[in-house]
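Take a look at the structure set out below.
Number of protein chains: 2
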Amino acid sequence: MKIAIDAMGGDHAPEEIVKGVEMARDRYPELEFMLFGTESEVKPLIQSMDRLELIPTTEVIAMGDEPVKAMKEKQDSSLVQAANAVKEGKADALFSAGNTGALLSSAIFIVGRIRGVERPALATAFPAFGGPHREFVFMDLGANAENKPSHLYQYGILGTFYAESVMGISNPRVRLLNNGGEEDKGDDVHKAAHQLMKNTDAFNFLGNVEAREIMEGTADVVVADGFSGNATLKAIEGTALTMMGQIKEAIKGSGIRGILGALMLKPALKAMKHKMDFQENGGAVVLGVKAPVVKTHGSAKANAVANSMGQIQTMVEGKLVDKTAEFIKENADKLKVKKAAK
Amino acid sequence: MKIAIDAMGGDHAPEEIVKGVEMARDRYPELEFMLFGTESEVKPLIQSMDRLELIPTTEVIAMGDEPVKAMKEKQDSSLVQAANAVKEGKADALFSAGNTGALLSSAIFIVGRIRGVERPALATAFPAFGGPHREFVFMDLGANAENKPSHLYQYGILGTFYAESVMGISNPRVRLLNNGGEEDKGDDVHKAAHQLMKNTDAFNFLGNVEAREIMEGTADVVVADGFSGNATLKAIEGTALTMMGQIKEAIKGSGIRGILGALMLKPALKAMKHKMDFQENGGAVVLGVKAPVVKTHGSAKANAVANSMGQIQTMVEGKLVDKTAEFIKENADKLKVKKAAK
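Taken in sequence, the protein lines are chains A and B.
Sequential numbering from 1 applies to the first sequence in this note's numbering.
Sequential numbering from 1001 applies to the second sequence in this note's numbering.
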């Protein structure tokens, strides 16, 4: 199993990417890696060429580049060349910690959509504090600025396959992120999406969920439109960061008593921080394209990169893409019926 | 100054509402209160009739009632009668801890929109952890399931007046909640709203803000469409609750060391909890209607009710509604120009 890696994407690239890949090589004996990057920068960082290939590229897509433009114009960039390798069947999956938009564009336009999928989505495994499972799938996190009801309906299918194949959850519970529990809540898009999801047997739909409850573990797949999914994700991240910061401030401001208390509580607080720090365990995944495509956050260090490689291995071994494509092919009629209502 | 109060709305109504009103009477010597509610339930709770009037009503709008229907059909409900008192000029402001949708409907259809305001919005003062001010205005929190660009533009005006008149912030910094900092980010509604806001001199627009940063204090007014504003608010609340819960769990799980640490940290953690607990300091406000209308959360106890009365006093004294209406009247040309682009 071979993973194509954009070695130049990310705040700490290429150092932490290369380090993470070599860490993953030690952990996962089945994996092979194709590193795409600027030779003079990447080569000196590599400790051993075992199960690792360096493909020199001459361009780099920066974090601030306009995604589609960069993908089109920087043909010899590490990201575009890595995506090409997947397209041409030389690699089984694509990884980057760089420009999210450019990775999404490369996933959709180079790796390509699964036939029948209208809009691929960005998904991540999110911690569930309650409920029967440790994590749930949250999508779309911003691959789309606007979604139609039929997209949201399809996310129910894509998310279900991810929860089953990668997280090992059988008959995953799907909910729609909406601003109220009742089926008539939300704007026209969410009302129509609710009806499509309610009337399908393609997945196990349990109704709406509000952003306040999503971390309580009442769903294994939470489907959102890209705009509010993105806002919700960022609000959660921002709140968690703010609160951790406030706890630190409060400790500092309460003198010796606070410092002693903090020392005693350190293991407990660390455990919580670890659970909230879901980005360390793996990356966001582009669902609906013809190969696993994983994006780790820009500030990822080697360990997060290595964990993403493990996540990719699970996706490839679980045949996530094949299963999804097959289901969509076999149920084209269902999707077409739904299309009439979109 | 007289406040019309729905004594029957809220999880702890009428007990905590009456208690809160009497608490407010002690705190704010200028205030008078009109209590609307079921006589047999409310009367026995009242300690003194000083600056307080009880207007008996026969119906109650429940939390689960369909808002517009309930408002239309339950004409002798405590909420509708309280709203009527404001409409008829018998009271200066409206307060409820009950059904949010029914209060919004009553605010819009009974109290009435300020002439020129297309869509009133639900706003709240939110804690800022950083920046020059303690709080910022966050709106729309869900009065609308769908917004046009012109609505968001007007929210910049409504929010600016609230920040100035009630929070005492001069030349408030306005930002648009969007899924990226650049002006071309977001769906068509947000792109168009950004252009309207950027090209106005009606308020001090500083560009987009992402949900991750809204609590950092980089804006005094954060404008969102009702759907994603609602999702963001609920995500923040949910995360804060989850984290407080996790801290407790972590403490319990770490034995005597954790318990000792927690005891020492208690004042620090309590201070943080207090700062996050913004709902205790006042209610959400319906902006864009002809009188101050305040909604306290359903689970509000007497102290939160009393604090909301103080908030209403500031709004009335600050002449928030008059100032807003006057500005909109004098700048009708600006609003019309904007209308062409909506």
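Built from N, CA and C at the ideal position, the CB exists for glycine as well.
Check	Outcome
Between B/G1181 and B/E1210, how many whole angstroms is the CB-CB distance? I'm expecting something under 8 Å.	7 Å
Would you mind giving the Cβ-Cβ distance between B/T1057 and B/S1078, rounded to the nearest angstrom? I have them listed as a contact below 8 Å.	5 Å
Answer yes or no: does any C-beta atom of chain A fall closer than 8 Å to that of B/K1342?	Since pLDDT at B/K1342 reaches only 49, below the 50 mark, its modelled position is unreliable, and the value read off the structure follows with that caveat. It does not: the Cβ of B/K1342 has no partner Cβ on chain A nearer than 8 Å.
Can you find a C-beta in chain B that's less than 8 Å from the C-beta of A/R212?	yes
In chain B, what lies closer than 7 Å to A/P267 by C-beta?	S1254
Considering A/G207, what are the terminal residues of the beta strand (DSSP E) in which it resides?	204-209
Could you name the residues of chain A that B/D1187 contacts, counting a contact when the two beta carbons are closer than 7 Å?	A145, E146, F227
My parser needs the alpha helix (DSSP H) runs of 4 or more residues fully inside the segment 72-97 of chain A; what are they?	78-87
What are the uninterrupted segments assigned as alpha helix (DSSP H) that are 4 or more residues long and contained completely in the segment 1091-1175 of chain B, given in chain order?	1100-1105, 1149-1165
Around the Cβ of A/M395, are there at least 16 other Cβ atoms within 10 angstroms (buried) or fewer (exposed)?	Because chain A spans 1 through 342 in this model, residue 395 of chain A falls outside it and cannot be assessed.
Cβ of B/D1220 within 8 Å of Cβ of B/D1140?	no
Determine which residues share a DSSP beta bridge with B/D1006 and list them.	B/F1036
With a threshold of 16 other CB atoms inside 10 Å of the CB of A/D201, please say whether the residue is buried or exposed.	exposed
Here's the rule I'm using: 16 or more other beta-carbon atoms within 10 Å means buried, otherwise exposed. How should A/D92 be labelled?	buried
Roughly how many whole angstroms lie between the Cα atoms of B/S1254 and B/S1308?	39 Å
Tell me the DSSP secondary structure of A/P44 in three-state form.	helix
Counting beta carbon pairs with one atom in the segment 171-189 of chain A and one in the segment 1014-1023 of chain B, are three or more of them shorter than 8 Å?	no
Evaluate B/A1340 with the Cβ neighbour count: other Cβ atoms within 10 Å of its Cβ, from every protein chain shown; 16 or more gives buried, anything less gives exposed.	Unreliable placement is indicated for B/A1340, whose pLDDT of 48 sits below 50; the coordinate value is still reported in the next sentence. So B/A1340 ends up on the exposed side.
Please go through the same chain and pick out, in chain order, the residues whose beta-carbon is closer than 8 Å to the beta-carbon of A/A235, but skip the five residues on each side of it.	A211
How long is the line joining the alpha carbons of A/M1 and A/A70, rounded to whole angstroms?	29 Å
Give the interface partners of A/M215 over in chain B, defined as CB-CB distance under 8 Å, in chain order.	G1238, T1239, T1242
What is the C-beta distance between A/G310 and A/A125, in whole angstroms, given that I count them as a contact (C-beta under 8 Å)?	Going by Cβ atoms, the distance from A/G310 to A/A125 rounds to 12 Å, so no, they are not a contact pair.
Under the DSSP definition of a beta bridge, which residues are partnered with B/A1332?	Paired residues: none, contrary to the question.
Excluding the 5 residues preceding and the 5 following A/N178 in the sequence, name in chain order all residues of the same chain whose CB lies nearer than 6 Å to its CB.	K185, G186, H190, N208
Find the residues of chain A that neighbour B/G1258, judging by a C-beta separation of less than 9 Å, and give them in chain order.	M264, L265, P267, A268
If we count Cβ pairs, one from each stretch, closer than 8 Å, do we get three or more for the segment 251-270 of chain A versus the segment 1257-1267 of chain B?	yes
Under 8 Å, do B/L1350 and B/V1223 count as touching if we go by C-beta distance?	Shown here, chain B extends from 1001 to 1342; a query on residue 1350 of chain B therefore has no answer.
Quick one: which chain B residues come within Cβ less than 8 Å of A/L177?	A1231
Compare the C-beta of A/F138 against all C-beta atoms of chain B and say whether one is closer than 8 Å.	no
I need the DSSP call for B/E992, collapsed to helix, strand or coil.	The question about residue 992 of chain B has no answer here: the residues shown for chain B are numbered 1001 through 1342.
Do you know offhand how far B/E1022's Cα is from B/M1034's?	12 Å
So that I know if they touch, is there some Cβ in chain B lying closer than 8 Å to that of A/G142?	yes
Does the structure place the segment 241-248 of chain A close enough to the segment 1267-1281 of chain B that three or more beta carbon pairs sit under 8 Å?	yes
Tell me whether B/K1342 sits in a helix, a strand or coil according to DSSP, three-state version.	Low confidence applies here, because B/K1342 scores a pLDDT of 49, under 50, leaving its location unreliable; read the following figure in that light. It is coil, neither helix nor strand.
Where DSSP assigns a beta bridge to A/K295, which residues make up the other side?	A/S96, A/A284
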